[in-house]
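All letters in the sequence shown, in the order written, are residues -20 to -1, 1 to 70 by mature numbering (1 follows the signal peptide of the UniProt record, and there is no 0).
Built from N, CA and C at the ideal position, the CB exists for glycine as well.
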Amino acid sequence: MKIILTAGIVLALASGIAWADIDNGKKLHDKQCTECHDTSVYTRPDRFVTSREALMKQVNRCELNVGAQWFKEDIDDVVQYLDETFYKFK
C-alpha cells in the first residue's frame, strides 16, 4: 500500500499538474500574454503548440521575452490554465 501511495505522489509531483492554480494562471495570462496577442493564437488551425511539452516551452519562451520574472509555479499555473481552457492535451 505504501508503494502505491508513494508512486502516486511521485507521479503527481513529476507532472507539475497536481497543484497548479488555474485562477492564478488566468490572472497572469491576462496581465502579460494578452499584451502581445489575443487568445486566437491558441485555437487557430495552424497553431505552433501541439503538445503539453511544447506548450511548456512556449510559455517559458514568452515569459523570458516579456521579462515577466515568473516563478516556476507561475509558469505551471499558466500552462495549466491554457491547457484546460484552450488546448486540452490531457
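Beta-carbon within less than 7 Å of residue 48's beta-carbon, same chain only, minus the 5 sequence neighbours each way: which residues are those?
Within the sequence shown, the letter at position 68 stands for residue 48. Same-chain partners within the cutoff: 12.
Practice item. From the DSSP output, in three-state form, read off residue 30 for me. Key: Working through the sequence shown from its first residue, we reach residue 30 at position 50. It is coil, neither helix nor strand.
With a threshold of 16 other CB atoms inside 10 Å of the CB of residue 57, please say whether the residue is buried or exposed. Residue mapping note: residue 57 aligns to position 77 of the sequence shown, counting from 1. Buried is the call here.
Discussion item. Could you check whether residue 8 and residue 63 sit closer than 8 Å to each other, using their CB atoms as the reference points?
Written reply: As a first step, residue 63 is located in the sequence shown; it is residue number 83 there, counting from the start. As a first step, residue 8 is located in the sequence shown; it is residue number 28 there, counting from the start. The answer is no: Cβ separation not under 8 Å.
*Specify the secondary structure class of residue 70 as computed by DSSP and reduced to three states.*
Locating residue 70 in the sequence shown gives position 90, counting from the first residue. Coil.
Check your understanding: Straight-line CA distance for residue 16 to residue 22?
Key -> As a position in the sequence shown, residue 16 is number 36, starting the count at 1. As a position in the sequence shown, residue 22 is number 42, starting the count at 1. When rounded, the distance between both Cα atoms is 13 Å.
Q.
Once the 5 residues before and after residue 1 are set aside, which same chain residues still bring their CB inside 6 Å of it?
A. Taking the sequence shown and counting its residues from 1, one reaches residue 1 at position 21. Excluding sequence neighbours, residue 1 sits near 57.
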